[in-house]
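Numbering (this note's numbering), first residue to last: 1 to 149.
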């Protein structure tokens, strides 16, 4: 009787471990087809982007129904977690948002109200940093910088 209880306990433990691996495995694995709309929401349309070397792209999106911009940094080849960030800043209102950490496929989203304002935005993947200043407004010419640190 004792050995049956041990077998049942071992079976339950195996089921728990396998189930936990399945649940947590999907959240930790890289999403192969991440899009800016998948990160920011389907109502957000891509209005600008900047490559992060060959590692990925930072996307600037806009939702015309609520006047908000969203940024996301998306890797070209998801995989092992790497240092990543994304940010957006509205100089006129001093509002900003961002996200940073070690991620397998993307950083973000970051949302700000940007209707009628210039925005500055960018991000990084590993040691490649990009920034776009005074973007998406008629008043100023945007300035792009890529830096390897």
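All C-beta atoms in this analysis are idealised placements derived from N, C-alpha and C, irrespective of residue type, glycine included.
Note down the Cα distance separating residue i from residue j, rounded to an integer number of angstroms.
i	j	result
residue 109	residue 92	21 Å
residue 27	residue 38	Unreliable placement is indicated for residue 27, whose pLDDT of 32 sits below 50; the coordinate value is still reported in the next sentence. Whole-angstrom Cα-Cα distance: 15 Å.
residue 47	residue 101	25 Å
residue 143	residue 35	25 Å
residue 125	residue 72	11 Å
residue 136	residue 52	19 Å
residue 105	residue 40	14 Å
residue 117	residue 147	26 Å
residue 145	residue 111	22 Å
residue 96	residue 77	28 Å
residue 64	residue 133	21 Å
residue 49	residue 119	13 Å
residue 141	residue 129	20 Å
residue 107	residue 123	9 Å
residue 88	residue 94	10 Å
Under the rule that 16 or more other beta-carbon atoms within 10 Å means buried, what is residue i, buried or exposed?
i	result
residue 68	buried
residue 221	No statement about residue 221 is possible, as the shown extent of the chain runs from 1 to 149 and does not include it.
residue 99	buried
residue 60	buried
residue 127	exposed
residue 80	exposed
residue 54	exposed
residue 113	exposed
residue 85	buried
Mind checking if residue i is an interface residue toward chain C, Cβ cutoff 7 Å exclusive?
i	result
residue 35	Here there is only one protein chain, and chain C is not present.
Per DSSP, residue i is paired with what?
i	result
residue 145	131
residue 83	102
Could I get the ranges of all uninterrupted beta strand (DSSP E) runs contained in the segment 91-132, with 3 residues as the minimum, in chain order? Listed in chain order, they are 95-103, 106-113 and 119-125.
Ranges of the beta strand (DSSP E) found wholly within the segment 40-77, counting only runs of at least 3: Entirely contained in the segment 40-77, the beta strand (DSSP E) runs reaching 3 residues are, in chain order, 45-52, 56-63 and 68-75.
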